[in-house]
Structures are given as structure tokens and as C-alpha cells.
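Report on the following structure.
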Amino acid sequence: RLSTDNQIISLDSIAANARLQVATHLAQAGINLMINNPDGRQMIKTDPELLGTILKGLMDNAIASSPAGSTIDLNQSLSLETGMLIAEVTDHGEGLTPEEQSALFSASQAIIPGIGDLAAIRSAVRAIRILNGKIWLSSKKHDHTTFRIQLPIRIID
Numbered sequence: 055r056l057s058t059d060n061q062i063i064s065l066d067s068i069a070a071n072a073r074l075q076v077a078t079h080l081a082q083a084g085i086n087l088m089i090n091n092p093d094g095r096q097m098i099k100t101d102p103e104l105l106g107t108i109l110k111g112l113m114d115n116a117i118a119s120s121p122a123g124s125t126i127d128l129n130q131s132l133s134l135e136t137g138m139l140i141a142e143v144t145d146h147g148e149g150l151t152p153e154e155q156s157a158l159f160s161a162s163q164a165i166i167p168g169i170g171d172l173a174a175i176r177s178a179v180r181a182i183r184i185l186n187g188k189i190w191l192s193s194k195k196h197d198h199t200t201f202r203i204q205l206p207i208r209i210i211d
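Final position of the sequence shown in the numbering used here is 211; the numbers increase by one with none missing.
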């Protein structure tokens with residue numbers, strides 16, 4: 055589907071909604087969420103439902119990949135030059151080998167070691183594509199995994 059549900063929303067609201075969506079899951083897993091949101095008061099125009107799907111999917115995966123007592127980081131910022139929202143979700147779980155990273159974006163794999171919630175990741179990737187965004191992955195086995203997304207948005211002056 056095309057995204058036609060654009061609304062004006064602040065980055066602070068996006069972060070608060072993301073925290074609210076996973077709060078119970080975080081508490082049950084004994085995991086902390088740290089949010090870095092330096093442009094928080096800035097208003098943007100985007101599809102909040104699809105953006106929520108993306109962040110929830112990435113955070114659900116991070117929670118499933120992380121040991122109890124660890125921290126997940128959500129970083130959000132704007133690129134005023136390019137009109138992009140940049141968000142990163144980092145977990146300090148099992149991490150992925152280069153082969154596992156490649157398999158993640160292959161539709162043929164049903165189970166990938168190191169990925170906590172493959173369905174959540176694939177749902178997030180679908181929403182990113184609908185919004186004409188991009189996704190990158192950086193991971194180190196037994197250390198961390200970071201998903202970085204870039205989404206075109208309209209920055210409201």
C-alpha cells in the first residue's frame with residue numbers, strides 16, 4: 055500500500071509511542087531502553103502508523119535478542135540537509151556473522167541464529183519500503199547489532 059496517512063507529529067511523540075509499544079515486553083524481559091532524541095521537539099510530517107511498525111519491529115527483535123539486564127538504545131535524529139529521519143536501534147545480544155547478516159534480507163530463510171524476531175524485522179522492512187526508506191545493518195558476533203533506518207519526511211518549520 056502507499057502511505058497516504060501522513061500526519062504532523064513531534065520526534066518526542068514518536069519516541070514516547072515507541073517506548074509505550076514495547077514497555078510491557080521490556081519489563082517482562084528485564085531490559086532497559088535508552089532513548090537519545092536530540093531533535094525531540096521538531097515537528098515532522100510522516101505516516102505515524104508505519105513509523106510505529108518500523109520502530110516496534112526493530113525493538114521487538116532487539117528485546118528478543120538481548121539478555122536480561124542489558125540495554126537497548128534507540129537513537130533518532132534529523133538530517134535537515136536531506137529531509138530525512140535517521141533512527142538506530144542497537145541491542146547488545148548475540149550479534150550476527152556476515153553470513154547471517156546476508157541471510158536476513160533473503161526471503162528464503164525461516165530461522166536465522168542471532169535474530170530474535172525475524173517476523174518483526176520483515177514487517178519493519180516492508181514498512182520502510184512503503185515509506186521509500188532505507189535500512190542498514192551493522193553487527194559484531196557476541197557484541198551488538200544495530201539497525202539504522204533512513205526515511206524521507208517533511209520537516210515542519
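Positions of the beta carbon are idealized from the N, C-alpha and C atoms, including for glycine.
Treat the numbers as computed from the prediction; the structure is a model and nothing was measured.
Excluding its 5 nearest sequence neighbours in each direction, ILE210 has C-beta neighbours in its own chain below 7 Å: ILE62, MET97, ILE98, LYS99, listed in chain order.
Counting the other Cβ atoms within 10 Å of the Cβ of LEU134 gives fewer than 16, which makes it exposed.
Straight-line measurement puts the Cα of ASN129 at about 11 Å from the Cα of LEU139. In this structure, the CA atom of ILE117 is about 27 Å from the CA atom of ILE207. Nearest neighbour of ILE182 by Cα position, chosen from ILE169, LYS194, PHE201, turns out to be PHE201. Minimum Cα-Cα distance from ASP101 among the listed residues ILE85, LEU191, ALA81, LEU185 corresponds to LEU185.
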